[in-house]
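Chain order of the listed sequences is A and B. Take any residue in the first sequence, count from 1 to its spot, add 50: that is its number in my numbering. Take any residue in the second sequence, count from 1 to its spot, add 50: that is its number in my numbering. Comments concern the structure below.
Protein chains: 2
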Amino acid sequence: MKPLKSKLGVKRTVTENATAVLIGKKPIMNYVLACITFFHGGAKEVSIKARGRSISRAIDVAEVVRHRFLPDVKIKSIGIGTDQFLPQDQDDATQGATNVSTIEIKLMR
Amino acid sequence: MKPLKSKLGVKRTVTENATAVLIGKKPIMNYVLACITFFHGGAKEVSIKARGRSISRAIDVAEVVRHRFLPDVKIKSIGIGTDQFLPQDQDDATQGATNVSTIEIKLMR
Chain A
51 MKPLKSKLGV KRTVTENATA VLIGKKPIMN YVLACITFFH GGAKEVSIKA
101 RGRSISRAID VAEVVRHRFL PDVKIKSIGI GTDQFLPQDQ DDATQGATNV
151 STIEIKLMR
Chain B
51 MKPLKSKLGV KRTVTENATA VLIGKKPIMN YVLACITFFH GGAKEVSIKA
101 RGRSISRAID VAEVVRHRFL PDVKIKSIGI GTDQFLPQDQ DDATQGATNV
151 STIEIKLMR
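Here you go:
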């Protein structure tokens, strides 16, 4: 499961049945195009993942894909969570750990 | 259904069975406290709503409430959507309208 990089620099992951688009700081249309490309390639499900401040961009992407380009695409599920980062010089305690929120939006058609 | 303003300046809405916390630009602990206050006041369900860049803060609030303060609180549902703003000088066309993404996270205990 090697992350691919498209011409637009969008990171994508392809497994057997599921595909993922990881949202970063690029313009949202880059990510929208990545999702559309997956669906046009036959994917039944595309997962949009983001962390921290990119979360609102992930929702923008899902909304643009659904409303402007692929009206038959539905939201299958939305999950939220927390990723923890430990400081490099201490790897035992959660003290001093940084928490960042995550989101995963699963689209299906 | 009049929006109340708490001492911390957090906007809250109370209807018969449901309560809502509207996320703005204040520190997330203000919103966390508003949610906890609702649950301690007997609410079975609290809705966290946000728009645009405040969306990631809404998820932070939900995660802090769940993991740090009220472990018995579960996520009931997460919904996303789009709000449209029309420019003031034209109220007919969607042309020139600004779209902003929204999120609503429903917590229940």
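Glycine is no exception: its CB is placed at the ideal position from the N, C-alpha and C atoms. Predicted model, so just to flag it, every value in this text is computed and none were measured.
Can you tell me the Cα-Cα spacing of residue i and residue j, whole angstroms?
| i | j | result |
| --- | --- | --- |
| residue 128/B | residue 154/B | 6 Å |
| residue 114/A | residue 103/A | 18 Å |
| residue 51/B | residue 81/B | Since pLDDT at residue 51/B reaches only 47, below the 50 mark, its modelled position is unreliable, and the value read off the structure follows with that caveat. Between residue 51/B and residue 81/B, the C-alpha separation is close to 20 Å. |
| residue 116/B | residue 61/B | 20 Å |
| residue 41/B | residue 108/B | The requested residue 41/B does not occur in the structure, where chain B is confined to residues 51 to 159. |
| residue 73/A | residue 83/A | 12 Å |
| residue 92/B | residue 135/A | 35 Å |
| residue 59/A | residue 112/A | 19 Å |
| residue 76/B | residue 118/B | 19 Å |
Quick one: does the C-beta of residue i sit closer than 6 Å to a heavy atom of the ligand NAD?
| i | result |
| --- | --- |
| residue 85/B | With respect to the ligand NAD, the structure offers nothing, as it holds no ligand at all. |
Judging by CA-CA distance, which residue of the options is the nearest neighbour of residue i?
| i | options | result |
| --- | --- | --- |
| residue 125/B | 78/B, 158/B, 101/B | 158/B |
| residue 148/A | 76/A, 101/A, 112/A | 101/A |
| residue 122/B | 108/B, 135/B, 94/B | 94/B |
In chain order, what residues of the same chain lie with their CB nearer than 8 Å to the CB of residue i, ignoring the 5 residues before and after it?
| i | result |
| --- | --- |
| residue 97/A | 68, 69, 70, 71, 154, 155, 156, 157 |
Return the chain-ordered list of same chain residues with a C-beta closer than 7 Å to the C-beta of residue i, the five sequence neighbours on each side being excluded.
| i | result |
| --- | --- |
| residue 120/B | 86, 89, 159 |
By Cβ distance below 6 Å, which residues in the same chain neighbour residue i in space, the five residues on each side in sequence not counted?
| i | result |
| --- | --- |
| residue 110/B | 78 |
| residue 133/A | 150, 152 |
Just confirm the distance between the C-beta atoms of residue i and residue j, as a whole number of angstroms; I'd bet it's less than 8 Å.
| i | j | result |
| --- | --- | --- |
| residue 105/B | residue 106/A | 4 Å |
Residues, ordered as in the chain, of the segment 83 to 104 of chain A that lie near chain B by beta-carbon distance below 7 Å: 102, 103
Residues, ordered as in the chain, of the segment 114 to 128 of chain B that lie near chain A by beta-carbon distance below 8 Å: 117, 125, 128
Near-chain B residues of the segment 70 to 81 of chain A (beta-carbon distance less than 7 Å), N- to C-terminal order: none
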